[in-house]
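Student: Have a look at the structure that comes next, please.
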Amino acid sequence: MPAAPVPDLRSLSLEELAKLVERMGERPFRGRQLFRWIHHKGASSLDEMTDLPRPFRERLAREARLTTLAVDAVQRSSDGTRKYRLRTEDGKFIEAVYMPEEPGPDAFDPEADEEDEPGRKRVRRTLCVSTQVGCAMGCGFCMTATMGLVRNLNAGEICDQVYRVNADLRRLGVEGERPLTNLVFMGMGEPLHNYDNVLRSLELLLSEEGPNFSQRHITVSTSGLVPNILRFAQDTQVKLAVSLNATTDEQRAKLMPVDKKWNIAALIDAVRRFPSRQGRRVTFEYVLLRGVNDSDEDAARLAGLLKGLPVKVNLIPYNENPGLGFGDPGAERVAAFRKALGARGITSMVRKNRGRDIAAACGQLAVEGQRPVRTARN
Ligand code: SAH
Ligand code: SF4
3 MPAAPVPDLR
13 SLSLEELAKL
23 VERMGERPFR
33 GRQLFRWIHH
43 KGASSLDEMT
53 DLPRPFRERL
63 AREARLTTLA
73 VDAVQRSSDG
83 TRKYRLRTED
93 GKFIEAVYMP
103 EEPGPDAFDP
113 EADEEDEPGR
123 KRVRRTLCVS
133 TQVGCAMGCG
143 FCMTATMGLV
153 RNLNAGEICD
163 QVYRVNADLR
173 RLGVEGERPL
183 TNLVFMGMGE
193 PLHNYDNVLR
203 SLELLLSEEG
213 PNFSQRHITV
223 STSGLVPNIL
233 RFAQDTQVKL
243 AVSLNATTDE
253 QRAKLMPVDK
263 KWNIAALIDA
273 VRRFPSRQGR
283 RVTFEYVLLR
293 GVNDSDEDAA
303 RLAGLLKGLP
313 VKVNLIPYNE
323 NPGLGFGDPG
333 AERVAAFRKA
343 LGARGITSMV
353 RKNRGRDIAA
363 ACGQLAVEGQ
373 RPVRTARN
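Under this note's numbering, residues 3 to 380 are what the sequence shown spells out, in order.
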């Protein structure tokens with residue numbers, strides 16, 4: 003009989019941990035203690051858990067594992083952004099990007115959602131997390147796509163990005179025990195293509211005994227896996243962003259192969275059916291690509307598609323990737339596109355490009371980490 007897989011303690015819910023602890027003959031409160039070490043304090047090893055009896059820790063080490071990421075590289079931008087390259091235990095690289103933002107009218111807002119927090123006073127510290135090593139979706143403009151899908155991250159690995167960055171921020175003297183306030187699932191990978199692990203990670207991140215994030219401070223972004231958008235609407239209250247990126251199927255299918263399976267009409271229909279509870283309007287993301295989808299006609303078509311939908315629009319000027327053949331339209335075109343949308347009653351936000359001085363695009367740092375070393379020099 004094949005050996006049962008070793009459970010990853012960081013991927014288990016409080017109830018599952020309690021059961022595991024019970025099977026080991028320990029008292030039930032040990033489960034909660036363990037959960038708090040893992041998800042509240044973000045412990046990186048069993049050795050840290052000094053108030054658990056040593057024999058219990060030793061048994062856990064033999065019979066289970068505690069998935070922990072290693073910080074492999076950090077790049078710092080002049081605007082405060084920090085890009086973390088994190089190494090998984092099997093030697094894969096993923097990326098998480100920290101973006102601090104002072105309160106104010108220009109605040110970075112991944113959700114373009116000013117009404118949610120009128121007169122926001124506190125500093126927002128957002129982490130962009132990865133959900134897969136690479137991505138299977140093949141979008142032509144995206145650096146992560148060039149890797150293909152290497153593997154899914156498990157729930158513990160998704161959560162641990164938050165815990166490693168929190169630990170680093172504490173080390174830097176950022177106030178608070180858990181400095182991060184907001185999460186966006188917009189790093190490497192397609193979250194809804196790793197549905198079960200992403201959902202599990204959300205439950206862990208929202209748990210009161212754990213990091214206790216608020217539902218309205220977490221946004222998951224998808225390239226448009228329609229059936230899973232509908233599931234997601236039922237399964238969780240966190241926010242959703244949809245990467246539209248084009249206004250005709252002809253154009254979108256060329257940029258995003260997913261459009262051949264679920265076209266724009268199906269995607270808009272799923273968003274129309276997404277329950278829009280207070281503060282949970284869906285965000286449409288639209289990456290502006292020079293000469294591809296950035297004309298006034300595109301803006302007019304976009305306004306037509308979104309007419310009557312209670313949505314928000316985030317315009318993202320393209321971060322150029324060498325070799326992929328797409329360009330940033332430039333500030334003037336971006337402003338004109340936004341104005342053309344506004345003239346048709348659609349308000350939009352322009353995503354500030356963070357950390358451009360440290361890497362041209364999302365995913366780049368981790369993609370590079372995975373390239374085979376070709377010469378003695380690099
Ligand atoms: N896979 C999910 C989430 C990760 S990508 C998704 O596609 O939504 C997060 C966002 O970054 C998407 O809106 C995507 O269109 C955008 N994006 C990808 N590469 C980019 C680049 N080089 N410049 C600007 N935005 C990019
Ligand atoms: Fe994957 Fe999103 Fe990149 Fe498309 S844009 S390849 S879905 S990470």
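Glycine included, C-beta positions come from ideal geometry on N, C-alpha and C.
1. Give the single residue among Val23, Glu24, Pro9, Ile40 whose Cα lies nearest to the Cα of Glu210.
2. May I ask you to check if the CB of Gly191 is nearer than 7 Å to at least one heavy atom of the ligand SF4?
3. Hey, would you say Val315 sits closer than 8 Å to Ile348, going by beta carbons?
4. Would you tell me roughly how many angstroms separate the C-alpha atoms of Glu116 and Val23, rounded to the nearest one?
5. Hey, could you find the ends of the alpha helix (DSSP H) Phe37 is sitting in?
6. Could you check which residue in Thr221, Arg87, Leu185, Leu155 has the C-alpha nearest to that of Pro102?
7. Give a single yes or no on whether Ser15 has its beta carbon closer than 7 Å to a heavy atom of the ligand SF4.
8. Less than 8 Å between the beta carbons of Arg89 and Ala66, yes or no?
9. Do you know how far the Cα of Arg202 is from the Cα of Lys354?
10. Select from Val336, Asp74, Gly33, Leu68 the residue whose C-alpha is nearest the C-alpha of Asp49.
11. Nearest by alpha-carbon distance to Leu129: which of Val273, Asp251, Gln163, Leu311 is it?
12. Does DSSP classify Phe286 as helix, strand or coil?
13. In whole angstroms, what is the alpha-carbon distance linking Pro181 and Asn168?
14. Whole angstroms are fine: how far does the CA of Val99 sit from the CA of Arg386?
15. Which runs of the alpha helix (DSSP H) spanning at least 4 residues fall entirely within the stretch 321-351, listed in chain order?
16. Relative to the ligand PLP, is the shortest distance from any of its heavy atoms to the C-beta of Thr285 smaller than 7 Å?
17. Is the stretch 244-257 close to the stretch 213-222, with three or more CB pairs under 8 Å?
Tutor: According to the structure shown:
1. On the sequence shown, residue 210 is found 208 positions in, with the first residue counted as 1. Measuring from the Cα of Glu210, the nearest candidate turns out to be Ile40.
2. As a working note, residue 191 is residue 189 in the sequence shown. Yes - the ligand SF4 has a heavy atom lying nearer than 7 Å to the Cβ of Gly191.
3. In the sequence shown, the residue the question calls residue 315 occupies position 313. In the sequence shown, the residue the question calls residue 348 occupies position 346. Yes; because the gap between Cβ atoms is below 8 Å, this pair is in contact.
4. Along the sequence shown, one-based indexing puts residue 116 at 114. Along the sequence shown, one-based indexing puts residue 23 at 21. Per-residue confidence for Glu116 stands at a pLDDT of 45, beneath the threshold of 50, marking its modelled position as unreliable; the derived number appears in the next sentence. Roughly 44 Å separates the two Cα atoms.
5. Mapped onto the sequence shown, residue 37 falls at position 35. Per DSSP, Phe37 belongs to the alpha helix (DSSP H) from 31-37.
6. Translated into the one-based positions of the sequence shown, residue 102 becomes position 100. Checked all of Thr221, Arg87, Leu185, Leu155; the closest Cα to Pro102 is Leu185.
7. Indexing the sequence shown from 1 puts residue 15 at position 13. No - the ligand SF4 has no heavy atom lying nearer than 7 Å to the Cβ of Ser15.
8. Indexing the sequence shown from 1 puts residue 89 at position 87. Indexing the sequence shown from 1 puts residue 66 at position 64. The answer is no: Cβ separation not under 8 Å.
9. In the sequence shown, residue 354 corresponds to position 352, counting from 1. In the sequence shown, residue 202 corresponds to position 200, counting from 1. C-alpha separation (whole angstroms): 30 Å.
10. Along the sequence shown, read from residue 1 onward, the residue named residue 49 stands at position 47. Closest option to Asp49, Cα to Cα, is Leu68.
11. Numbered from its first residue, the sequence shown carries residue 129 at position 127. Considering only alpha carbons, the answer is Gln163.
12. Here residue 286 refers to the residue found at position 284 of the sequence shown. Here Phe286 sits in strand by DSSP.
13. Counting from one through the sequence shown, the residue named residue 181 turns up at place 179. Counting from one through the sequence shown, the residue named residue 168 turns up at place 166. Cα-Cα distance, rounded: 6 Å.
14. Residue 386 falls outside the range modelled here, since the chain spans only 3 to 380, and no answer is possible.
15. 333-345
16. Only the ligand SAH and the ligand SF4 can be found as ligands here, which leaves the ligand PLP out of the picture.
17. no
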